[in-house]
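What follows is one structure encoded as structure tokens, with my remarks underneath.
2 protein chains.
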Amino acid sequence: MPSLRVGIIGAGSAVFSLRIIGDLIKAGIFPESGIVLMDVDRKRLENVGVLARRFNEESGGNMRFIETQNLDEAIRDSDYVVNTALVGGHEYLEKVRSIGEKHGYYRGVEAQEFNMVSDYYTFTNFNQLNYFVKIAQKIAELSPKAWLIQAANPVFEGVTLITRMVPDVNVVGFCHGHYGVHEIARSLGMDMNKLDWQVAGFNHAIWLNRFVYDGKDAYHLVENLESKDWKPTNPFDDQLSPMAFEMLRKYGMMPIGDTVRNSSWRYHRNLDTKKKWYGEPWGGVDSKAGWEWYRKWLEGVVNSIELVADYVKQHPREEIFEVNKLSEFLKSHGVPESVWKSVVRIAERDKMSAEQHVPFMMAVSAGIKQRLIVNIPNRGVLKDIPDDVVVEIPAIVDKNGIHPEEISPPLTDEVVRMYLYPRMTRMELAVRGFMERKFEYIKEILYRDPRTKSDDQVENTLQEIINLPENVGLKKHYLLS
Amino acid sequence: MPSLRVGIIGAGSAVFSLRIIGDLIKAGIFPESGIVLMDVDRKRLENVGVLARRFNEESGGNMRFIETQNLDEAIRDSDYVVNTALVGGHEYLEKVRSIGEKHGYYRGVEAQEFNMVSDYYTFTNFNQLNYFVKIAQKIAELSPKAWLIQAANPVFEGVTLITRMVPDVNVVGFCHGHYGVHEIARSLGMDMNKLDWQVAGFNHAIWLNRFVYDGKDAYHLVENLESKDWKPTNPFDDQLSPMAFEMLRKYGMMPIGDTVRNSSWRYHRNLDTKKKWYGEPWGGVDSKAGWEWYRKWLEGVVNSIELVADYVKQHPREEIFEVNKLSEFLKSHGVPESVWKSVVRIAERDKMSAEQHVPFMMAVSAGIKQRLIVNIPNRGVLKDIPDDVVVEIPAIVDKNGIHPEEISPPLTDEVVRMYLYPRMTRMELAVRGFMERKFEYIKEILYRDPRTKSDDQVENTLQEIINLPENVGLKKHYLLS
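Protein chains in written order, with my numbering: chain W, 470 to 950; chain U, 470 to 950.
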């Protein structure tokens, strides 16, 4: 059985790292694999190292771990490099958002064309895109046969950029937005094993093109799920929101996962509008309240991890990664339900996480065929989309690589021409701006923003952003200083 | 030698009709052809009939003419049906514009995505699009082998709509925007015979992809034409405006003809901005002053035609279609220079007009090969553009039909993905809205307009437009009443 070397960049996101480690152990075919945990945050790195070793021990695993702050070490000799890092963290996003709001851009300038707000950078985080390229280049140099697994956002811009700038590197992007399909199936009381489904599009812009249950087309059942009594349970809960059905009517297919958030400025113009389409009280995750909920939840997760890490250090012989024990422990420390419910999942020994990373490794390195939703260059899979644009599509993965499924029925023309094209144009502006060092293209994104009212507004906003201390590299790249 | 039957719809535009008739006579290969002049305006129709017969006589032509207000008559048994009609005329456009301005849309709601103002309807003139389809359907019924030559705007939306709704009809769209290339060549003192050039894109969105002089690439000479001392001689004079060079820098190719007007809202936001990019004093033709200039000029042309028609009626034996005589006559009646200079061109006996309609007939009906710039469905000519979208490209036309040239070098990715895609998305909204009777798509055009600030603004603007007396048909089509 193969043993792998897996580098995790941005491993300080402990829940994510533990999921990958857990999946590797549960897969049972990669014993004695080596995991290189890399992060620039020393404290977080220490915590994740402590937790990873204990988790491995308690799970009867045989993994080896290395903590490092050095990128080369995470890459050299690796079979897989998983990048999950968010350069600058959410703090940088909030800085940029507040600059945007100051200059008249409600909820900030970042957007996915059809969203206007989120942590999905398209153009304001030069350091993030630059780091993507740096990692890919280092892989080409230090570990040219490795697969780069892109988990960090923006997956659409990022994987497209990497495949264009470092074409020789094996790269695939993963997201879990397509689990929206499971949610729909659950709402219909369906058994996933009897469901024949496909989604296709771009990352955070995917659409349910096939929904066949027990051999019969079941799309009408999806349409019937619309309900006036619908209420969100949390700000992310929007798969069955009025917005999803509005988009279904407009584009002829059901939007899946984060796609629902990316509905366009028309549906995000102010809080009342957001509430109408994404439900009370938050109006979706892209409102002030929704985003605060998310930030608090994230903070809760980080704090929980620290609590658990401290516990582990103080109790070197006591088990903690057991669902009841872990949840009791977290509850006793006042961790709110939405947080502990999420954290305890890593202790579920009997099932793999929903992440696709380890299944991908199982397919490629052990030949255990998997059906995955991957982000790879289009190369003819989606009609009327250029070959060098990265699409999110179902594929069979095996030892020989990634084999995209035929998309059938195809996406509607409405999805492709009214929805995907504008999203693609924004990506092209960001990616080509970066590649050709043309800041003019970055500006153009804002000049085309429906909230822009004057040249000064654009120039002043961008001036303030590029002069942030974080953006020395950006200025140099675009020769702006 | 073949004699043709040509129907001209909207023949009341006398200059245009006389150009076609003149070209047919000058071509010298279609004697005894029959021209059916069709217009809904009785007065204009009478004038154009008088002028056409006299013009034919003075030119030694042998044409026969029929005036009619009946569409069927212009179509039945015709070899070519030329549609140049603007349903509702400019009056309707101005009505719609003033509604737009009242609701906060500077210079009106109509646009070509990258223009925001012009007589190029994309969605507010249902009657125009509907007439296109009606004509095509009548051709299919009454004269299925005829060619429909689409001269009326919007050529892009129109020809795309026709080819999708009435696929069996032979249709081609013509524009003269590509003469911008001649203007560039003239500025460089070049001999057109030594110039190897191509343009490609969509109608009013074409780009100079090839410019080879005497066997050598001469694109750098185009770039060098930029001058700080440039001044427009009239509002349409923008081929060498600062805007053209700004677009060249941004998209990597020179925009040709009306494309320069369609630069995007950023360059049309207010009069000062327009002046900066399109020159003083008008700020281009899409400003209030520029458009007034055009309307006045148009009015002058119409008045001149009436003057000449009256003269002809009163002087049945005197020649008038001779350049000096005609210009003296017009000058003596106080017709301004910009107008009479334009009108007298029809009297130039030695050269054909710049219109492509008759050369097209010469190629198809007499096998005299021509190189023309045509609007036809893409079908693989432009990379990354869907097959069923109509493109404007150079083609060789002969007895066997239209043979597109290979576009080499191809359009830049910047032109295709940053410029043509947004334009195409707008077309799709308009055309699919019409075809699927989804007014929601028409609304979406306005919801995506950068000037839209609220739902009410969109709804109130459109409500007022659809309630115009001209729009009974629109309401019925979209089931809005």
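Think of the CB as a built atom: it goes at the ideal place given N, C-alpha and C, for glycine as much as any other residue. As the structure is a computational prediction, the values presented were derived from the model and not from experiment.
- Taken atom to atom, the span from the alpha-carbon of residue 659 of chain W to that of residue 560 of chain U is near 59 Å.
- Taking a C-beta distance under 8 Å as the contact criterion, residue 633 of chain W and residue 893 of chain W do not qualify as a contact pair.
- DSSP places residue 611 of chain U in the uninterrupted alpha helix (DSSP H) bounded by 595-611.
- Assignment of beta strand (DSSP E) within the stretch 514-600 of chain U, counting only whole runs of 3 or more residues, yields 533-537 and 549-552 in chain order.
- At least one CB atom of chain W sits nearer than 8 Å to the CB of residue 921 of chain U.
- For the pair residue 778 of chain W and residue 622 of chain W, the Cα-to-Cα distance works out to about 27 Å.
- Taking the CA atoms as reference points, residue 932 of chain W sits about 15 Å from residue 946 of chain W.
- With the criterion set as a beta carbon lying under 7 Å from some beta carbon of chain W, the stretch 523-546 of chain U has no members that meet it.
- For the stretch 893-907 of chain U, residues whose beta-carbon sits nearer than 8 Å to a beta-carbon of chain W comprise 893, 894, 897, 898 and 901.
- The criterion of a C-beta distance shorter than 8 Å is not satisfied by residue 618 of chain U and residue 668 of chain U.
- For residue 853 of chain U, the neighbours in chain W by C-beta distance under 7 Å run, in chain order, 855.
- Here the alpha carbon of residue 692 of chain W sits roughly 7 Å from the alpha carbon of residue 714 of chain W.
- In the DSSP assignment, residue 908 of chain U falls within the unbroken alpha helix (DSSP H) covering 908-916.
- Around residue 679 of chain U, the same chain offers 666 and 667 as residues with beta carbons nearer than 6 Å, after the five sequence neighbours per side are excluded.
- In the structure shown, residue 648 of chain W falls within a helical segment according to DSSP collapsed to helix, strand and coil.
- By the neighbour-count definition (other C-beta atoms within 10 Å, threshold 16), residue 800 of chain W is an exposed residue.
- DSSP places residue 821 of chain U in the coil class of the three-state scheme, outside both helix and strand.
- Interface residue (Cβ-Cβ distance to chain U less than 8 Å): residue 688 of chain W is not classified as such.
- If you look at residue 682 of chain U, you'll find it in the beta strand (DSSP E) that goes 674-682.
- Collapsing the DSSP output to three states places residue 806 of chain W in a helix.
- Looking at W/940, W/614, W/805 and W/813, the one whose alpha-carbon comes closest to that of residue 792 of chain W is W/813.
- When the five nearest sequence neighbours on each side are left out, the beta carbons in the same chain lying within less than 6 Å of the beta carbon of residue 902 of chain U are those of 910 and 911, in order along the chain.
- Here the C-alpha atom of residue 834 of chain W lies approximately 7 Å from the C-alpha atom of residue 471 of chain W.
- Here residue 830 of chain W is buried. Its C-beta has 16 or more other C-beta atoms within 10 Å.
- By the rule that beta-carbons nearer than 8 Å mark a contact, residue 579 of chain W does not touch chain U.
- Here residue 900 of chain W carries a helix assignment [DSSP, helix/strand/coil].
- By the neighbour-count criterion, in which 16 or more other beta carbons inside 10 Å mark a residue as buried, residue 887 of chain W falls on the buried side.
- Membership of residue 479 of chain U in any alpha helix (DSSP H) is not indicated, and neither H nor E is assigned to it by DSSP.
- Secondary structure note for residue 689 of chain U: its alpha helix (DSSP H) is the uninterrupted segment 688-692.
- Contact holds between the stretch 500-509 of chain W and the stretch 532-542 of chain W, because three or more Cβ pairs, one in each stretch, are under 8 Å apart.
- Under the three-state reduction of DSSP output, residue 751 of chain U falls in the coil class, being neither helix nor strand.
- The beta-carbon of residue 890 of chain W is placed less than 8 Å from the nearest beta-carbon of chain U.
- Using a Cβ distance threshold of 8 Å, residue 942 of chain W and residue 595 of chain W count as a contacting pair.
- The alpha-carbon separation between residue 531 of chain U and residue 605 of chain U amounts to approximately 29 Å.
- By the C-beta density criterion, residue 765 of chain U is exposed, having fewer than 16 other C-beta atoms within 10 angstroms.
- Residues of chain U with a Cβ closer than 7 Å to the Cβ of residue 916 of chain W are, in chain order, 735.
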